[in-house]
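Visitor:
Protein chains in written order, with our numbering: chain Z, 1 to 487; chain U, 488 to 974.
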């Protein structure tokens, strides 16, 4: 059985070399996780610095991985913003965890693709199981069926595609061209991914209606009802309402039950964006904040935001998965399998055909921490946020701009000497001073036209001391704007 | 600095425990990669088996990761279809590699999110750099700007959203409702993700026109021109043409230059789906197959298909990235940064806001193998496919159903005694016998109404012996249908 053609050139990194390097990577990862708190959170690089430190063309001959790892340590890592740093308080403090990282390492080695049941039975069934575990933890009824997507942006896109499918029964065949113009409603505090989904689906900006919020930055159900009634009177077609449990700006919570009543009254799809806030429903004393979300048609919860799971992992729960499947299922011959009808084919639930084995990391996380361990940790993050909120409330030169029902505090520096744009600029400068220190990282938002700062807590390594030190940094930075240190 | 509230409960797996387990995982991964060739490719499980072997509810108290790893080995791994197996020839033989796996381990530990430059400078700039490296390897002009998505399904969705943006300048504001009905064209052999993208974007099935193919299963440019002219006469709006370089059924190649001429004549967006075939452009003697693709507006190439990169990693190249950005950029206040305008913000190029650090694995792969190492390996895969094609051509009871220009061979068992559905069934049974052996894994397709089998080569561990043995298994399986073993 000899061949004239050389066919065995195509070899991978030899296994024993892989083993040695994997041990090196294991040590690097442990050292990194143990020491990340002493690195600057925000690196001191400027746009272009990293790229210009690397060769502009790929090598002709292969290079040793020892060199690659050395460039990784010397060029890549110093140019990273460290999301693992315990004082990373920007955006949502997306946090991984040791168990999640270990599972991702296994996922990378397995490299399976659960597009259909046959292509990855364990991948498919562990995803079903873990989605159901999380559903139980969240207290949602068994009618909610979950699938994992990469991000909340994708989950919400899929949910609103299902809403569109439900509202326009012939959209799959006829498209949007001849349809009665439709409207999707969300509060003015809803995440940009909702608007992006409506644009992608062809509703356009004029098909996206922002509903005003009350003093707590929560959607006004009465304003929602009026907007729908107005649109109906204009001959437009209300399609879906998106309600948020934990907005990105301030963690505001929409009154889901009241919004659900309005959605039901008009027969609209109700999508709940609980990407960040959702995990809080696992904590008994916070469960009441979610009252009514079981009336939703779809809910997104991101374990990669506040449930110790490395990015990416977003759960989309759907009470009528058959509508989601109607919107997305296309089964060409080369993807038909003998199990069609028996095993679930995850490709039927959204845009991407290929899919990583994301269920594994969530399984590791939920088993390692257990329900009680999760409750303890989420509770402690909320307590840290409450503590910071109390310090801010007690400091004359600072004010909170919204309630802090979860683990995110939104606030601003205030001064009698400054207002309007000058005060906004002062807050920006304070944030930049803190960020340039490398000791903490914050991001800003705008609430009711005013620039505010945010401290978002969620990292497993964050302690009281990190929050306290960040509060000190903020006050020090504010002295340049006329602030003083509050004891 | 004491606090009345216990805030330090929220700790992660201790670093030294993580280190020990990461070393265990490193050894497991090395053993797995070294031994996967002796595991059954397709597991002997039935739908429900894996799920029913695991507890239906999450644990109340945390469990030890030793137990979790043991369940992983005993329950999860035996229920997996092994994409790493050197005789996995189904779908596209998605292959990882040691360097890619090591990089994924680092990505998991870092857990950064490159949505904006500031949130991950190295993540953003390494993605720019590596997209440009691959562009150079592919021989595309510098005008092509690349970004990484999860899958080709997402890349093509984004590309066609840009096409829609270009065709309907007011779609971002007005949506699709009042637009002149539009059409997207692709060959009847195009991948299902193209149809899925057109449905998602609101074109509907009636907005998706399949163009017939010639004897080589390549799109007929004349048929494309007629279809466009007919639609124009009907008052419909031609929007985009999708041409494929390496179809999923048979690796057929559309005549890109001729299709590009037609697209240019009518002013249509040209998207090239080279998700599988693209990497072959790195091989000098195969470059001519890609003649004309530099005329495209967008091109998708998946390093996770045939470029040794673990799933997921799909490159979307766009010659007019400003159109893509116009379709997708939404910058809420909380995502504005001081660098806006200087550093690139990757969130502006598609649906997902969050994004894993996928560039790292492609950087490891391109550096470790180098241009020459990649060429050698791709060339050897094509040679293996040619060899199998020659064996099939020489065997009286078998026939190829299409040319095999790359690393995929499509063929079928034939018999004088059988035709039509009976012959299709015989081919299905042959495939199932091979798959049930656990020694190789194939999937099927339908070409011109006839069931065919596919052998897709791409795994770095696949050698001449694996292909030869699979050919033997096929012939043995065919003896039950009246076939004989060809020497």
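Just so you know, even glycine gets a beta-carbon here, dropped at the ideal spot from N, CA and C.
Can you list, in chain order, the residues of its chain whose CB lies under 7 angstroms from that of residue 388 of chain Z, leaving out five sequence neighbours each side?
Guide: The answer, listed in chain order, is 409, 455, 467 and 471.
Visitor: Would you tell me roughly how many angstroms separate the C-alpha atoms of residue 105 of chain Z and residue 29 of chain Z, rounded to the nearest one?
Guide: About 11 angstroms.
Visitor: Going by C-alpha distance, which of Z/126, Z/121, Z/203 and Z/84 is nearest residue 534 of chain U?
Guide: Of Z/126, Z/121, Z/203 and Z/84, the residue nearest in Cα terms is Z/121.
Visitor: Quick one, which residues of the stretch 170–183 of chain Z are near chain U if we go by CB-CB under 7 angstroms, in chain order?
Guide: Flagged, chain order: 171, 172, 173, 174, 175, 176, 177, 179 and 181.
Visitor: Near residue 443 of chain Z, which residues of its chain fall below 7 angstroms by C-beta distance, leaving aside the five closest residues on each side in sequence?
Guide: The residues are 90, 91 and 454.
Visitor: Given a cut-off of 8 angstroms on the beta-carbon distance, is the pair residue 552 of chain U and residue 99 of chain Z in contact?
Guide: Contact flag set, yes.
Visitor: Would you call the stretch 123–139 of chain Z and the stretch 299–315 of chain Z in contact, with 3 or more CB pairs under 8 angstroms?
Guide: In short, these stretches touch, since the Cβ pair count reaches three.
Visitor: Find the nearest neighbour of residue 237 of chain Z within the set Z/283, Z/325, Z/289 and Z/184, judged by alpha-carbon distance.
Guide: Residue Z/184 is the option with its Cα nearest to residue 237 of chain Z.
Visitor: Could you run through the stretch 45–67 of chain Z and flag, in chain order, every residue whose CB is less than 7 angstroms away from some CB of chain U?
Guide: The stretch 45–67 of chain Z vs chain U, Cβ under 7 angstroms: 45, 47, 50, 51, 54, 57, 58, 59, 60, 61, 62, 63 and 65.
Visitor: Using beta carbons (cut-off 8 angstroms, strictly below), is residue 599 of chain U in contact with chain Z?
Guide: Yes - at least one Cβ of chain Z is within 8 angstroms of the one on residue 599 of chain U.
Visitor: Do residue 574 of chain U and residue 528 of chain U have their CB atoms nearer than 8 angstroms?
Guide: Yes, they are a contact pair.
Visitor: Quick one: which residues of the stretch 700–712 of chain U get their C-beta closer than 7 angstroms to a C-beta of chain Z? List them in chain order.
Guide: Going along the stretch 700–712 of chain U in chain order, one finds no residue with a Cβ nearer than 7 angstroms to chain Z.
Visitor: Listing by chain order, which chain Z residues have their CB less than 7 angstroms from the CB of residue 607 of chain U?
Guide: Within chain Z, the residues near residue 607 of chain U are 80 and 81.
Visitor: Starting from the beta carbon of residue 185 of chain Z, find every residue of chain U whose beta carbon is closer than 9 angstroms, and list them in chain order.
Guide: Within 9 angstroms Cβ-Cβ: nothing; residue 185 of chain Z doesn't reach chain U, min ~15 angstroms.
Visitor: Quick one: Cα of residue 746 of chain U to Cα of residue 711 of chain U, how far?
Guide: Going from the Cα of residue 746 of chain U to the Cα of residue 711 of chain U covers about 8 angstroms.
Visitor: Strictly under 8 angstroms for the Cβ-Cβ distance: is residue 193 of chain Z near chain U by that measure?
Guide: Cβ-Cβ to chain U under 8 angstroms: yes for residue 193 of chain Z.
Visitor: Near residue 755 of chain U, what residues of its chain come up, given a Cβ to Cβ distance below 7 angstroms and the 5 sequence neighbours on each side ignored?
Guide: Closer than 7 angstroms at the Cβ level, and outside the excluded window around residue 755 of chain U, lie 725, 726, 727 and 728.
Visitor: Secondary structure at residue 590 of chain U, three-state DSSP: helix, strand or coil?
Guide: Residue 590 of chain U: helix per DSSP, three-state reduction.
Visitor: Report yes or no: do three or more beta-carbon pairs, one from the stretch 67–74 of chain Z and one from the stretch 334–353 of chain Z, lie closer than 8 angstroms?
Guide: Flag = no, the stretch 67–74 of chain Z and the stretch 334–353 of chain Z do not touch.
Visitor: Going straight from the alpha carbon of residue 478 of chain Z to that of residue 413 of chain Z, what length do you get?
Guide: Cα to Cα, the separation comes out at about 7 angstroms.
Visitor: Would the stretch 154–173 of chain Z and the stretch 676–691 of chain U be scored as touching if the rule is three or more Cβ pairs under 8 angstroms?
Guide: Judged by Cβ distances under 8 angstroms, the stretch 154–173 of chain Z makes contact with the stretch 676–691 of chain U, as three or more pairs qualify.
Visitor: Along the alpha helix (DSSP H) that carries residue 794 of chain U, what are the first and last residues, could you check?
Guide: Unbroken run through residue 794 of chain U: none, as it is neither H nor E.
Visitor: Mind listing the chain Z neighbours of residue 771 of chain U? Cutoff is C-beta to C-beta under 7 angstroms, in chain order.
Guide: Within chain Z, no residue comes near residue 771 of chain U; the closest Cβ sits about 13 angstroms away, beyond 7 angstroms.
Visitor: How close, in whole Å, do the beta carbons of residue 301 of chain Z and residue 138 of chain Z come, if the pair is a contact with beta carbons under 8 angstroms?
Guide: About 7 angstroms; that satisfies the 8 angstroms criterion.
Visitor: Mapping DSSP to helix, strand and coil, what is residue 756 of chain U?
Guide: Residue 756 of chain U: strand per DSSP, three-state reduction.
Visitor: Rounding to the nearest angstrom, what Cα-Cα distance links residue 78 of chain Z and residue 43 of chain Z in this structure?
Guide: Between residue 78 of chain Z and residue 43 of chain Z, the C-alpha separation is close to 6 angstroms.
Visitor: When DSSP builds the beta bridges, which residues end up paired with residue 187 of chain Z?
Guide: Partner(s): Z/211.
Visitor: Identify every residue that forms a DSSP beta bridge with residue 889 of chain U.
Guide: DSSP output for residue 889 of chain U lists no bridge partner at all.
Visitor: Could you have a look at residue 977 of chain U and say whether DSSP puts it in helix, strand or coil?
Guide: What is shown of chain U runs 488 to 974, which leaves residue 977 of chain U out entirely.
Visitor: Buried or exposed: where does residue 179 of chain Z fall if 16 or more other Cβ atoms within 10 Å of its Cβ makes it buried?
Guide: Buried, since its Cβ has 16 or more Cβ neighbours within 10 Å.
Visitor: Which same chain residues, not among the five before or five after residue 496 of chain U, have their C-beta less than 6 angstroms away from its C-beta?
Guide: Note that residue 496 of chain U has pLDDT 39, beneath the 50 cutoff, so the model's placement of it is unreliable and the number below is only indicative. Excluding sequence neighbours, residue 496 of chain U sits near nothing in its chain.
Visitor: Residue 503 of chain U to residue 207 of chain Z, Cα distance in whole Å?
Guide: Their Cα atoms are separated by approximately 53 angstroms.
Visitor: Looking only at its own chain, which residues have a Cβ that is under 6 angstroms from the Cβ of residue 480 of chain Z, when we skip the five neighbours before and after it?
Guide: There are no such residues.
Visitor: Could you tell me if the beta carbon of residue 518 of chain U falls within a distance shorter than 7 angstroms of some heavy atom in the ligand MN?
Guide: Annotation note on the ligand MN: not contained in the displayed structure, which lists no ligands.
Visitor: Is DSSP giving residue 864 of chain U helix, strand or coil here?
Guide: Looking at residue 864 of chain U - three-state DSSP - the assignment turns out to be helix.
Visitor: Quick one: any contact between the stretch 596–612 of chain U and the stretch 826–842 of chain U, if contact means 3 or more CB pairs under 8 angstroms?
Guide: At 8 angstroms Cβ cutoff, the stretches touch.
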